[in-house]
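Here is the structure we will look at, set down as structure tokens.
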Amino acid sequence: MNYILSARSAPFDVFETAAIEAPATMLLGMPHLSLKGLSETWLLKECGHRHWLMIAAAAGRALPDFRDADGEPVYAAFCAATIRNAKFGVMGENDELAFSSDLARISGAQFVSLHRLSCDGRLVGEVELVSVFVKRRERGKNRSIARVSLEGLPPIRKSERFDRAAGVAAMIRSDRWTAYFGFERAKGRCEAQLRIRPCPSQDFNGAGFLYFAAFQSFVDRAEWELLEDASLVDYMTIDRDIIYHGNIEPGERIVLRLLSQRKEDHVLAHWFEIARESDGARLADVFTRRGPHG
Numbered sequence: 035m036n037y038i039l040s041a042r043s044a045p046f047d048v049f050e051t052a053a054i055e056a057p058a059t060m061l062l063g064m065p066h067l068s069l070k071g072l073s074e075t076w077l078l079k080e081c082g083h084r085h086w087l088m089i090a091a092a093a094g095r096a097l098p099d100f101r102d103a104d105g106e107p108v109y110a111a112f113c114a115a116t117i118r119n120a121k122f123g124v125m126g127e128n129d130e131l132a133f134s135s136d137l138a139r140i141s142g143a144q145f146v147s148l149h150r151l152s153c154d155g156r157l158v159g160e161v162e163l164v165s166v167f168v169k170r171r172e173r174g175k176n177r178s179i180a181r182v183s184l185e186g187l188p189p190i191r192k193s194e195r196f197d198r199a200a201g202v203a204a205m206i207r208s209d210r211w212t213a214y215f216g217f218e219r220a221k222g223r224c225e226a227q228l229r230i231r232p233c234p235s236q237d238f239n240g241a242g243f244l245y246f247a248a249f250q251s252f253v254d255r256a257e258w259e260l261l262e263d264a265s266l267v268d269y270m271t272i273d274r275d276i277i278y279h280g281n282i283e284p285g286e287r288i289v290l291r292l293l294s295q296r297k298e299d300h301v302l303a304h305w306f307e308i309a310r311e312s313d314g315a316r317l318a319d320v321f322t323r324r325g326p327h328g
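If you want the working numbering, it's the 1-based position in the sequence shown plus 34.
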């Protein structure tokens with residue numbers, strides 16, 4: 035039997051466990067908004083939270099508290115985050131944002147969640163998240179994280195609908211690609227770079243990891259700092275792919291390298307690499323398409 039966990043309140047024709055507790059709609063206010071519309075950082079945090087709650091519900095747990103055989107905490111670390119067809123600029127204060135979310139287990143430790151976003155009955159974007167279960171092999175060391183397997187999870191479900199982002203992440207992480215997002219890998223060159231020291235109180239999460247939702251904010255900061263284009267104040271994300279490779283310890287610095295960019299018809303596209311400064315280890319590849327809001 036196919037297994038999908040849904041956040042929608044209406045019944046539908048697939049096997050379903052208990053619904054998650056996150057609300058299906060949210061009234062937007064200042065915590066949810068940025069200068070020109072919906073905050074992408076808030077949205078990724080919210081979808082990540084829903085992803086975690088859905089995994090817990092799929093495993094028949096009241097709370098998302100997962101442990102290994104030794105009682106050590108196990109977390110869902112994100113491998114990829116994708117935003118598609120975003121119209122974040124149409125949303126403002128007192129608008130209602132509706133979520134329709136599905137979850138599937140696609141491999142032993144890998145889950146994918148799909149989140150369709152709508153406002154006033156209009157589709158305003160889609161978010162896809164891919165995660166694996168991980169634990170620290172050395173307590174307190176983010177560089178020691180490794181994948182783990184857990185018992186009591188739903189059956190694996192293979193579907194093209196849920197496999198796209200995971201397939202892209204595997205391709206990018208293994209360097210088995212020649213062109214993606216309109217960029218050729220062989221032509222990627224560092225055009226400019228920005229060093230950042232992530233802040234423990236702002237950029238790390240409660241599990242002690244550099245938060246997956248901070249990576250795109252670093253890229254936006256680098257875009258604004260390096261390109262020095264005043265028109266970018268009106269730009270919002272249309273599409274974005276973040277492929278995660280690693281993490282850092284609090285206090286370490288990161289380097290954001292602009293590897294390629296293009297601008298066509300007022301739409302800016304770029305490819306950034308995020309690396310650990312100390313050893314050059316790649317932390318993420320981020321492909322983005324942005325344009326004027328609205």
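Yeah, the Cβ is synthetic: ideal placement off N, Cα and C, and Gly gets one too.
CA-to-CA distance, residue j to residue i, given in whole angstroms
i    : j    : result
S152 : D275 : 20 Å
G242 : M125 : 32 Å
A200 : I206 : 10 Å
V158 : F196 : 20 Å
E50  : H149 : Here E50 scores only 40 on pLDDT, less than 50, and its place in the model should not be relied on; the value that follows carries that caveat. Their backbone Cα atoms lie some 16 Å apart in a straight line.
S43  : A220 : Because the pLDDT at S43 is just 31, under 50, the model does not fix this residue reliably, and the point stays unresolved.
L261 : G142 : 42 Å
N176 : R170 : 7 Å
E218 : T212 : 6 Å
Element boundaries [beta strand (DSSP E), containing residue i]
i    : result
W305 : V301 to R310
P107 : P107 to R118
S294 : I288 to E298
Where residue i sits in the DSSP three-state scheme
i    : result
T271 : strand
V48  : Its pLDDT being 33, under 50, V48 is placed unreliably by the model, and the measurement read from it follows with that caveat. Coil at V48, not helix or strand.
F249 : helix
Y37  : Note on Y37: pLDDT 31, under 50, position unreliable in the model; the coordinate value appears next. Of the three classes helix, strand and coil, the one that applies to Y37 here is strand, per DSSP.
S265 : helix
T75  : helix
R255 : helix
E218 : strand
V124 : helix
Nearest candidate by alpha-carbon position, reference residue i, set the options
i    : options                   : result
E172 : E283, L97, L77 and S147   : E283
A132 : P57, F196 and Q236        : P57
V166 : S235, G155, L184 and N119 : L184
K121 : M270, M60, Q295 and V289  : M270
G82  : F145, G94 and E262        : F145
Y109 : L67, I179, R291 and W76   : I179
R84  : L266, G71 and P98         : P98
A115 : R324, V320 and S312       : V320
P234 : V161, R287 and W76        : R287
N-terminal and C-terminal residue of the alpha helix (DSSP H) that residue i is part of
i    : result
D197 : E194 to R207
S235 : P234 to D237
* To do: With a floor of 3 residues, list each beta strand (DSSP E) that falls wholly inside the region 128-173, ordered by position along the chain.
  => Annotation note: the region 128-173 contains the following uninterrupted beta strand (DSSP E) runs of length 3 or greater, listed N- to C-terminal: 130-139, 144-153 and 156-170.
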